[in-house]
Every structure is written in structure tokens, then in C-alpha cells.
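Here the structure is laid out as C-alpha cells; the discussion comes afterwards.
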Amino acid sequence: MSIIVDASTGVICQGITGSQGTAHCAQMLEYGTRLLGGVTPGKGGQTHLGLPVFNTVKEAVAATSATVSMIMVPPPFAADSILEGIDAGLETIVCITEGIPVLDMLKVKARLQQSHTILIGPNCPGILTPGGCKIGIMPAAIFSKGCVGIVSRSGTLTYEAVKETTDSGFGQSTCVGIGGDPVQGVSFVDILERFEQDPQTEVVVLVGEIGGSAEQQAALYIKEHMHKKVVAYIAGASAPAGQRMGHAGAIISGGDATAEAKKKALREAGVVVVDTAADIAEGVKTALER
Amino acid sequence: MNLHEYQSKEIFREYGLPVPEFKVSTKATGIGKAAYELSPGPFVCKCQVHSGARGKAGGVAKVDTPAQAEAFAAKWLGMRLVTRQSGPLGKPVSRILIERATSIARELYLSATVDRQSARLTVIASESGGMSIEELACEHPEQILRSVIDPLVGPQPYQGRELAYKLGLQGRQVQEFARIFMGITRMFLEKDLSLVEINPLAVDTEGHLQCLDAKINVDPYSLFRHPEFAELDDTSQEDPRVVRAVAAGFSYVPLEGSIGCLVNGAGLAMGTMDIIKNMGGEPANFLDVGGTANTERVREAFKIILEDPHVKCIMVNIFGGIVRCDMIAEGIKGAVSEIRSSVPVVVRLEGNKAQEGERILNECGLNIQSARDLRQAAALAVQAAAR
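If you're matching them up, the sequences are chains A and B in order.
Counting from 2, one number per residue, gives the positions in the first sequence under this note's numbering.
Counting from 16, one number per residue, gives the positions in the second sequence under this note's numbering.
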């Protein structure tokens, strides 16, 4: 088992004919993802990477029965693409695009709340279930099938957690990058709920960072509802207050936003909190032995 | 992106918000002349810098005569104002704002920002104007009032009136407040802002509301559809290294330590700083080179890092993933040999063709050490910086 996506998941890509879309879709096909087609307005009827291209998401869904879309379009058009995906009734939208204006995301968020669609991202590396399905830009070579569920706010730091759990022999059930923006789709809690239900997942690695209070909400959920062990690393203990550290979401603006406050909340919820990304595998060992 | 107070107040005027009549000048004589035009006094003179807490640092003064106004401007123009929030170097003062002093009966607080948890535009108000909202949130959280804007319906005047009554405003003040409420929310939505703050929002002795200070931050992700903000960007307020880094497409934050960091990805860049600190070293900066770590970008990043004289070692941490590490290694080799820096470099390359990359660096004959993993890289960097 896995969460959200597996080998049977049918996928389309909005922005498939762009350079990024082309490069990453080719890698997804190579991985074995059931990528069934793409959407680029004005290029409907063409074939790209051997797949049919459609003008609209609704046409693509009707023709391919895909349930998931990956969005790789530039920031000015990304919110429009997400809204189109919601309107077409997709189950899951994975938005890789970085740099979507916050006000666009407020509208997207409001529409999501009226629908059944879940959004992963934006500004995220995507989702990958080893041996089944890769959607996004994660490097497939570092993954191995196993028992660790990974959920992360960062891109390259996610890869660090994946490599740690692969090298130590644990492997991953599913790895989800939820993105580094202040307003985003699925939260830590949404993903933790799914890992808690997933029989393949034995332990969860949560990679958080400074800014906001999503880690505290995760801590609350873990304390009250989770039976599985959780290991957490929170990036940015060494970051100065008031400075935006690359991600729009990573800025310490209140007491809850510091790495220390997040670590404390997670520790109090029984989570194994590690101090550096290089300690994640050790943390997983500790958690499984407890 | 931050705006100056005078720029924010000009936008306030566009939206019909009550702002005391003001003038701005880059010259002391200009401020003297402006004071004559605004007479009679007293006046308030304010240094225009991208920082709060200007008053406590001496950057705001109430003066009685044009001569005193001119003297204030002469004292500050060309200097740097160091505040609690500005960092130790302070911010350069190249403009002074002068306005007629308002006689204040009450000071309120009003701001609009996006609450990330609810994903809603939220207006925050308080009867305790003048103090920072962070202090207020700690000391008197019960005094903070909120009004949430529905993204599909937009701000409504009744929401402004509700807040006005809760703030104890009366009579025509309620309408004045509701107009300000509608003004800042409309401005926020039309201009793609991330913060509008009026602190204090004063009730003057005649009972009218006045926006005495104005702070606007713009959502940097929205600049593509707001060309009008490009000319308002005052890069002199930023560290010149940050300006260069932004122009090159990097995220860069200077810090106080001795180990320069060059990393791909914001999270990993923070993770790199964390492990350096965890092993007893001090990072000199946060630097995310972004997705494409090619030769030109690595070279530019090295140059920016090496402008900091405290840097004793550079730690490069690239999780290649899809990018080929042998190409990145060539880029690092090219950059180091071209810059001819003697600062030791520790490189950790991970991902596609990492071993080839390691070999290229080990055989290049430059002061570059390659590390097998994150922990070893941090240990080597801390060692090198301690030498």
C-alpha cells in the first residue's frame, strides 16, 4: 500500500509541452508513472512524448480518465490552471510551480474548500510512491520501497530524508512534498492522517521548517490521534528572526514560528526530534525501537 | 518588497485615506522650505528608512520652526539610522519626510495581512496604538480585534463598522473608520500586498481619524503584474550583496559567522547552516542558488560569498538529483580557478554522477576537498574555518 498515488494512478500534466514539463514528464514515463496525456491550450490534437495533448483539462479527463494532474506552468497562469483542474473534478492536483502570488492562492484555497479535490503544493517537489508512481521533480534514483512515510515542506531537504532512509535500509512507502509557501494545499495533518491509515507505513518522517505554525498543528494531531511513531527534523534553528530564508513561508514572525517552539511542541507529542538532517536515519531507528 | 513611509502615504492618498499633509526632500534646505510652506508648526520630521522603531532611535522628531526642521534634516541626511530592527549597520537616510504635527487624542492600531492558517485576508485592530503588534500580542492578546475577509465576497463596510464600535469610536468616526477599512482592504487586494499597517491610526483632538504612519509590504511573487512598483524599489536600503544576489536570482541572507554556504534549495540551505552550527561552526550566510547550479551561477555565488571578509571556508552542498554532479564539479573547479581565491572549499555533491564529480574535484589540484556526506562536509568545513 501507499498513500494518494500508486502504480494504477492515471496522471495528466498541465504544461506538458513546456521545457520543464517535457523534461520531467519524460522522467516520469521512464519511472513507469501512468502518464496518460497533457494539456496545453492551443496545442490540442498534437502528440507530445507519444502522448495526446488536449486544449482543456475537462477534455483530457474525459478522454483518459486520469484522476491526478501535475501542474508545471509559469506562476502568472498557475492559479488559473489549478482552478481549471478543480472544476474538472480531479481527485488530486500536484502543483510544482514556485512563485504564485499569495492572493491567487487565497482564491484557490476557497475553491478547494468547496470541492473534493486535494492540492499538493504549490512550490513543491511532488509526490512519489517507490515502485509505483512518481509525480513531480524528485530524483527517482535515491528512493527504495519500504516502511517510512515522508512528508516535507522543503524540496532538496526531502531528498536528504529519502537518501537517509534508503541508505539505512528502511525505504519509503510514499514521499510527499507539501511545499514551502505560506498558503498551500494539503497540510502536515492531512498527510499524517493518511499515513496513520496506511498499512505499509510503520514510521513517519516529518521535515518542517521555521515560519507559521503547521508543525504545532501536526504535534497536536500526533498527540491526540496517532499511534505510529513520528521522527521530525525542523530546519532553520540557526536562522535569524525577521528574515525570509528563501521560501516565502520561512520567516520567523512570531513566537510559534521558531524552530525551538516547533521542536518543543513535537517533543511533547512524543515525536523523536533530531537536530540535523544527517540524524534522520538514527531517529527512525530510535523510533522503531521505542 | 518594502516601501518607504512617504511612498506608502502617496498610495494611501490615492485610496482616499486621511493622511496629514506632508512633503519629502533629499536636501536639508528642501525640508526648511517645505516647513515654511506647511507653516504654522509644530512639525514632525521623519527619516525615511526601511525599518520600524525609528522614533526610539532618534529618527523621528517634533520641531517648532523651519530652522529646527532644516537642522534635523542636515543632521540625518547621508547618515545611517540604526534601530532595533535595522541590523547593526543601520539603514542609509537619503530622504526626510516633514508633516504638520497632529494633536493626538487617542492612538489606535490597524493592519491588514494574510493569515496563513485560515488562508484569509485578515484585518487586525487594537485600541493600543503606538506599540508594536508583536509586543501587544505577547502582553495583551485580548486587546487584538480581528476581521476576516471572505476571498469570494470581498471586504464589506459592515465589517469596518463592527470593528469601529468595538474600538469605542463614535458618531462620524464610525464612517471615517469604515472608509479606512475599505480603503486598506481594497488597496491590499488591488496592489497584491503582503502587509498594510497604520500605527498609529490617530484620533485627533477635533475627533477626526488620521493615518500618522504608513507601512506597505508588497508580495514579491506578484511583481510581474505590478510594474508600478519597480521604480519604488529602493535597493540602497538593502545590503549590496543581497542586491547582487537577488539580481543573480539567488536567495541570500548575510550572517555573522566564518563558513560561507552555497547550497541548492532553501530547506537544504537552512539544513546546512543547522549542521554547521551543530558541529561547533558558525555559518557566514544563507545562500540558495536555486535549481540550476551551472558554472556561471556557481561563480557568481562564490564572488558574493567571498565579498564577506569574515569567510574562512566555503561549504558547497548540492543535492543534484536530476542535475549531473560531474557538470557541477566542473563549474566549481572553473569558478575557484578563475576567482583565484585561497579560501578552502569543501564540497558535498549528491545524486546523479556524484562519484565522477568527486574525482574531478580531487584531481583538480585546487584547494578543494570533497566530502562523502553532509556530516563529513560540515566537519571538514568547521575544521578548515578553525585553522
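Beta carbons: idealized from backbone N, C-alpha and C, even for Gly.
Residues bridged to residue i (per DSSP)
i, result
"VAL75(B)", "LYS61(B)"
"VAL69(A)", "VAL12(A) and THR93(A)"
"TYR295(A)", "Since the first residue of chain A shown is 2 and the last is 291, residue 295(A) is not available in this structure."
"ILE213(B)", "LEU125(B)"
"PRO53(A)", "THR48(A)"
"LYS59(A)", "Paired residues: none, contrary to the question."
"PRO298(B)", "ILE274(B)"
"PHE334(B)", "GLU365(B)"
"GLY38(A)", "ILE13(A)"
"GLN173(A)", "VAL149(A)"
"GLY144(B)", "Answer is none; GLY144(B) lacks a bridge partner."
"ASP219(B)", "ILE119(B)"
"ARG268(A)", "Beta-bridge pairing links ARG268(A) to no other residue."
"LEU120(A)", "ILE94(A)"
"SER385(B)", "VAL362(B)"
"CYS226(B)", "LEU216(B)"
"VAL233(B)", "LEU208(B)"
Buried versus exposed call for residue i [16 or more other C-beta atoms within 10 Å across all chains shown]
i, result
"CYS125(A)", "buried"
"TYR234(A)", "buried"
"LYS135(A)", "buried"
"VAL40(A)", "buried"
"GLY86(A)", "buried"
"PRO156(B)", "exposed"
"LEU167(B)", "exposed"
"ALA392(B)", "buried"
"ALA89(A)", "buried"
"GLU31(A)", "exposed"
"ARG69(B)", "buried"
"CYS153(B)", "exposed"
"PHE239(B)", "exposed"
"ALA84(B)", "buried"
"ASP303(B)", "buried"
Residue i (DSSP reduced to helix, strand or coil)
i, result
"ASP182(A)", "coil"
"ASP165(B)", "coil"
"ASP130(B)", "strand"
"CYS340(B)", "helix"
"SER109(B)", "coil"
"GLY346(B)", "helix"
"ILE159(B)", "strand"
"VAL6(A)", "coil"
"ASN279(B)", "coil"
"PRO269(B)", "strand"
"ARG355(B)", "coil"
"THR44(B)", "helix"
"LEU136(B)", "strand"
"LEU53(B)", "helix"
"LEU158(A)", "helix"
"PHE144(A)", "coil"
"VAL189(B)", "helix"
"THR130(A)", "strand"
"CYS125(A)", "coil"
"LEU96(B)", "strand"
Chain-ordered chain E contacts of residue i [CB-CB under 7 Å]
i, result
"ILE101(A)", "Structure shown: chain E not included; protein chains present are A and B."
Check whether residue i and residue j have beta carbons under 8 Å apart
i, j, result
"CYS276(B)", "PRO255(B)", "no"
"ARG176(B)", "THR137(B)", "no"
"LEU84(A)", "VAL109(A)", "yes"
"VAL326(B)", "VAL358(B)", "yes"
"LEU364(B)", "ILE343(B)", "yes"
"GLU36(B)", "LEU18(B)", "no"
"GLU122(B)", "ALA217(B)", "yes"
"VAL232(A)", "VAL190(A)", "no"
"GLY127(A)", "MET139(A)", "yes"
"VAL54(A)", "THR10(A)", "no"
"GLU282(B)", "GLY186(A)", "Checking the sequence, you will find Gly at residue 282(B) rather than Glu. No. Outside cutoff."
"LEU224(B)", "ILE195(B)", "yes"
"LEU92(B)", "VAL108(B)", "yes"
heavy atom of the ligand SAM below 7 Å from residue i C-beta
i, result
"GLY127(A)", "Judged by which ligands are present, the structure shown has none, so any question about the ligand SAM falls away."
Legend entry - Sufficient close CB pairs (3 or more, under 8 Å) joining the region 57-64 of chain B to the region 127-146 of chain B: The region 57-64 of chain B is not in contact with the region 127-146 of chain B.
Legend entry - Stretch pair the region 275-289 of chain A + the region 177-196 of chain B: three plus CB contacts closer than 8 Å: In this structure the region 275-289 of chain A does not touch the region 177-196 of chain B; the number of beta carbon pairs closer than 8 Å is below three.
Inset, instruction - Specify whether the region 172-183 of chain A and the region 148-164 of chain A touch according to this definition: at least 3 beta carbon pairs, one from each stretch, less than 8 Å apart. - result: By the criterion of at least three beta-carbon pairs nearer than 8 Å, the region 172-183 of chain A is in contact with the region 148-164 of chain A.
Legend entry - Segment contact flag, the region 156-168 of chain A with the region 192-202 of chain A, C-beta cutoff 8 Å, min 3 pairs: Verdict: no, contact absent.
Legend entry - Any 3 or more C-beta pairs closer than 8 Å across the region 138-147 of chain B and the region 232-239 of chain B: At 8 Å Cβ cutoff, the stretches do not touch.
Legend entry - Stretch pair the region 192-211 of chain B + the region 23-30 of chain B: three plus CB contacts closer than 8 Å: Flag = yes, the region 192-211 of chain B and the region 23-30 of chain B touch.
Legend entry - the region 68-82 of chain A contacting the region 15-26 of chain A, beta-carbon criterion three pairs below 8 Å: Contact holds: three or more Cβ-Cβ distances are below 8 Å.
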